[in-house]
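Everything on this sheet refers to the single structure shown next.
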Amino acid sequence: MGQSIQFIDIIFLGLVAGFLILRLRSVLGRRNGSEAPPRDPYGLNRQQQDADPAAAPGGAAGDNVIDLGSRRPSTPPPAPVIPEGPAAEGLTRIALADPSFDPDGFLGGARRAFEMILTAFAAGDREALRPLLGETVYRNFEAAISDRESRGEQLTTEVDAMLGLSFVAASLTGDVASVTVRFVTDQISVLRDREGTVIDGSPTEAIRLTDDWTFSRSVSSGNPNWSLVTTATPEA
1 MGQSIQFIDI
11 IFLGLVAGFL
21 ILRLRSVLGR
31 RNGSEAPPRD
41 PYGLNRQQQD
51 ADPAAAPGGA
61 AGDNVIDLGS
71 RRPSTPPPAP
81 VIPEGPAAEG
91 LTRIALADPS
101 FDPDGFLGGA
111 RRAFEMILTA
121 FAAGDREALR
131 PLLGETVYRN
141 FEAAISDRES
151 RGEQLTTEVD
161 AMLGLSFVAA
171 SLTGDVASVT
181 VRFVTDQISV
191 LRDREGTVID
201 GSPTEAIRLT
211 DDWTFSRSVS
221 SGNPNWSLVT
231 TATPEA
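Going by the UniProt record's numbering, 37 is the number at position 37 of the sequence shown; the sequence numbering is gapless.
Following this line, the structure appears as structure tokens:
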């Protein structure tokens, strides 16, 4: 009999607890208009995005290109570390005029551009070269490609090793920044005639080359890309 009473008590307590939970949920589940809106992880609520498409990432509606050159961070970036050497003064002036300029990042980009340009030049890929080169350099490269094509020759070039990468000079004239980078590389370069016979270079032996390339851009432009404007071989 005692066990039956205890069992009934347990059922009764369970019903009471369930009732209290339902009441609590009904109170907490109501909005009275004073609650904060749900957190928007992008810092822009949906109504604002729908009303102003240009405020969304990428600019105007339907534009999925992000203009990296025209947007500045809300807080100033930390001052870049300027490497010592002959280019230090010029690099400092460029960094002051363009807070987004980062010497280390520039060298990394210059290395990628160097390999891309060599590969595109060897392949005769004018479309790939055009946005990377200044007008004079492009004309010279295009003339060399056309001359090679007229003889039916084929060139292959591969950077076997990047042995040196350093700043040689830097300057800011008006709003035009110019930076010269020295590349020391081992390259495998082979020129073949129309029959496929090697007429210059070796497919197995690398040659060591030193090149000074100068890149330029306007620091006041919204275009963040640098163009190759000069190529030179330093005197020994």
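By construction, the Cβ of each residue, glycine as well, lies at the ideal position given by its N, Cα and C atoms.
Given the structure is predicted, the values throughout are model-derived calculations rather than measurements.
Check the C-beta distance from residue i over to residue j and give it rounded, since I have them as a contact under 8 Å.
i: S227; j: V176; result: So it is not a contact: roughly 11 Å between Cβ atoms.
i: R148; j: G164; result: With 8 Å as the limit, R148 and G164 do not qualify as a contact, their Cβ atoms being about 28 Å apart.
i: F215; j: V190; result: Actually they are not in contact, since the Cβ atoms of F215 and V190 sit about 28 Å apart, beyond 8 Å.
i: residue 237; j: A170; result: Examination of residue 237 is not possible in this model, given that the chain is present from 1 through 236 alone.
i: L132; j: M116; result: 7 Å
So, at 6 Å on beta carbons, what are the nonlocal neighbours of residue i in its own chain, with the 5 sequence-adjacent residues on each side left out?
i: V65; result: Here V65 scores only 31 on pLDDT, less than 50, and its place in the model is too uncertain to base an answer on.
i: Q154; result: R192
i: A88; result: I82
i: P203; result: V190
i: D63; result: Since pLDDT at D63 reaches only 37, below the 50 mark, its modelled position is unreliable, and no value is offered.
i: G199; result: Here the sequence assigns Ile to residue 199, which means Gly is not the residue at that position. The answer, listed in chain order, is L191, D193.
Give me whichever residues DSSP pairs with residue i in a beta bridge.
i: A232; result: D212
For residue i versus residue j, is the C-beta distance shorter than 8 Å?
i: A120; j: A110; result: no
i: P103; j: L118; result: no
i: I188; j: D160; result: yes
i: F101; j: P80; result: yes
i: T231; j: V168; result: no
i: L209; j: T173; result: no
i: V229; j: G134; result: yes
i: R194; j: G152; result: yes
Short of 8 Å in beta carbon distance, which residues of its chain neighbour residue i, apart from the five on each side in sequence? Order them along the chain.
i: A144; result: F121
i: D98; result: A177, V219
i: E142; result: R126, L129
i: P86; result: F167, V168, A169
Short of 7 Å in beta carbon distance, which residues of its chain neighbour residue i, apart from the five on each side in sequence? Order them along the chain.
i: A123; result: none
Which runs of the alpha helix (DSSP H), 4 residues or longer, sit entirely within the UniProt domain "Tim44-like" (87-233)? 88-97, 103-123, 126-129, 135-150
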